[in-house]
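Below is one structure, written out as structure tokens, with a few remarks after it.
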């Protein structure tokens, strides 16, 4: 680049910084001053920004004022948590998880694992450890009830007429199935119908088991004992009898826990009150009831006998005019006391239909005794005693 001005030698490349003077301007050499002047031409060619300076007071400082240094220490950085510190688990967002899985390769083709819903619990909590599993409740299975979640706690049993057995508030199907398997085959003449209606169950027997006498009457009483046994095994214990508007009273059973070791037998007193019959009692009860009553009331007991059908009969003595020497109430109370002493208590009384033609006969009432089975049924009955005697 050619110029009219002298070209000084610079050790570096590039154009040096110099102040521009227009042609014809007389340049005067000025002395360098320690501070810049207010000459407009001595300032840079670009404009400077005006900064407003802070005004300080010109007062004198007190020499005794202590010097307080400013806080030159920076604020401490936030503490970094260690790896061992328990961190808060992030909340699960299904939308984010779905977006991430969709970005993966073959994410849409992978089948997600599904967990099936747990089936409803069909086992009711019992107070004992021997709770047995139950099937689908009848009130939920048929769908006919207005309240499917209702689960009855009390079961009603009644004996209608001379051949009908009714059960109401049957909660579980296995209760009905056990009654079908154990009670119906006991009647030699079979049944005509077995009708489950909603949560009720009706059985119509052929002939008339509830008014039968003799051998068939004994079978009917055994059926009633077996009914109590089945209900006890299913958790239903007898409470009382009520009249709820039907012509026959209803036996009330409450679901309070199964009893696998219970034992039942039946008994009834004749219309005159001077003879008591025990049906299917344990062998020790049947063998000892007669001697115990004779010891309690000497010369008042005519005798006691045993049949091959596990039937025990105790009869009072009669006087010259045919009346018993002992009061009927005293006789019944003494029998209840001796049976209770041997471990069996009076559980319930079951009224049955009148016997005889056209229902004009006597109305029989069955006494149900309950105890604990000490040994197997086959070895505790009178019938097995005859078999043991034959073996010996």
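Residue numbers (UniProt numbering): 1 to 392. The C-beta atom is built at its ideal place from N, Cα and C for all residues, glycine as well.
Between which two residues does the alpha helix (DSSP H) carrying residue i extend?
i           : result
residue 352 : That residue, residue 352, is in no alpha helix (DSSP H); its beta strand (DSSP E) goes 345-354.
residue 175 : 173-182
residue 286 : 283-296
residue 222 : 214-233
residue 244 : No alpha helix (DSSP H) holds residue 244; DSSP gives it neither H nor E.
Among the options, which has the Cα closest to the Cα of residue i?
i           : options            : result
residue 317 : 333, 337, 293, 340 : 293
residue 150 : 159, 170, 164      : 170
residue 298 : 236, 286, 326, 166 : 326
residue 353 : 162, 154, 291      : 162
residue 159 : 226, 248, 342, 175 : 248
residue 366 : 306, 252, 348, 260 : 348
residue 341 : 240, 351, 372      : 372
residue 267 : 155, 364, 166      : 364
residue 306 : 339, 194, 245, 281 : 281
residue 209 : 283, 343, 187, 227 : 187
residue 198 : 330, 263, 181, 176 : 176
residue 164 : 222, 181, 194      : 194
residue 222 : 343, 265, 283      : 265
residue 227 : 244, 329, 288, 262 : 262
residue 288 : 173, 174, 343, 189 : 343
residue 295 : 173, 260, 331, 23  : 331
residue 272 : 244, 174, 329, 246 : 329
Thinking residue i and residue j are a contact (beta carbons under 8 Å), I'd like their distance in whole angstroms, please.
i           : j           : result
residue 269 : residue 230 : So it is not a contact: roughly 26 Å between Cβ atoms.
residue 242 : residue 254 : Actually they are not in contact, since the Cβ atoms of residue 242 and residue 254 sit about 12 Å apart, beyond 8 Å.
residue 220 : residue 212 : 6 Å
residue 337 : residue 369 : Going by Cβ atoms, the distance from residue 337 to residue 369 rounds to 13 Å, so no, they are not a contact pair.
residue 196 : residue 234 : Their Cβ separation, rounded to whole angstroms, is 16 Å, which puts residue 196 and residue 234 out of contact at 8 Å.
residue 239 : residue 252 : 5 Å
residue 285 : residue 321 : Wrong, their Cβ atoms sit about 33 Å apart, outside the cutoff.
Apart from the five residues on each side of it in sequence, which residues of its chain come closer than 7 Å, Cβ to Cβ, to residue i?
i           : result
residue 218 : 279, 309, 311
residue 302 : 315, 316, 317
residue 246 : 158
residue 300 : 316, 317, 325, 326
residue 182 : 226, 230
residue 244 : 250
For a cutoff of 8 Å on Cβ pairs, would you count residue i as touching chain C?
i           : result
residue 247 : This model lacks chain C altogether; it includes just one protein chain.
Closer than 6 Å by C-beta to residue i: which residues in its own chain qualify, once you throw out the five before and the five after it? Chain order, please.
i           : result
residue 276 : 269, 314, 335
residue 324 : 274, 316, 318
residue 304 : 290, 314
residue 153 : 255
residue 168 : 156, 200
residue 351 : 365
residue 126 : At residue 126 the pLDDT is 44, less than 50, meaning the model places this residue with poor confidence; the figure from the coordinates comes in the next sentence. Answer for residue 126: 257, listed in chain order.
residue 236 : 155, 253, 255
residue 166 : 158, 160, 202
residue 129 : Reliability fails at residue 129, whose pLDDT of 34 lies under 50, so the model's placement of it is uncertain and the value that follows must be treated cautiously. Counting only Cβ-Cβ distances below 6 Å, and skipping sequence neighbours, we find nothing.
residue 333 : none
residue 374 : none
residue 189 : 206, 207
For residue i, which residues in the same chain have their Cβ closer than 8 Å to its Cβ, ignoring the five residues on either side in sequence?
i           : result
residue 452 : The first residue shown for the chain is 1 and the last is 392, placing residue 452 beyond what the model contains.
residue 215 : 309
residue 389 : In this predicted model, residue 389 has a pLDDT of only 42, less than 50, meaning its place in the structure is not dependable; the value taken from the coordinates is given anyway. Closer than 8 Å at Cβ, skipping near neighbours: no residue.
residue 23  : none
Ends of the beta strand (DSSP E) at residue i?
i           : result
residue 195 : 191-197
residue 157 : 154-160
residue 396 : Since the first residue of the chain shown is 1 and the last is 392, residue 396 is not available in this structure.
residue 263 : 262-269
residue 166 : 164-168
residue 312 : 311-316
residue 276 : 275-279
residue 299 : Careful: residue 299 lies outside any beta strand (DSSP E) and carries neither H nor E.
residue 371 : 363-372
residue 438 : Look at the range of the chain in this structure, 1 to 392, and you will see that residue 438 is not part of it.
residue 151 : Neither: residue 151 is in no beta strand (DSSP E) and is coded neither H nor E.
residue 207 : Residue 207 -> no beta strand (DSSP E), and no H or E assigned at all.
residue 255 : 250-255
Return yes when at least one heavy atom of the ligand GTP lies under 7 Å from the C-beta of residue i, else no.
i          : result
residue 23 : As presented, the structure is devoid of all ligands, the ligand GTP included, so that no description of it is given.
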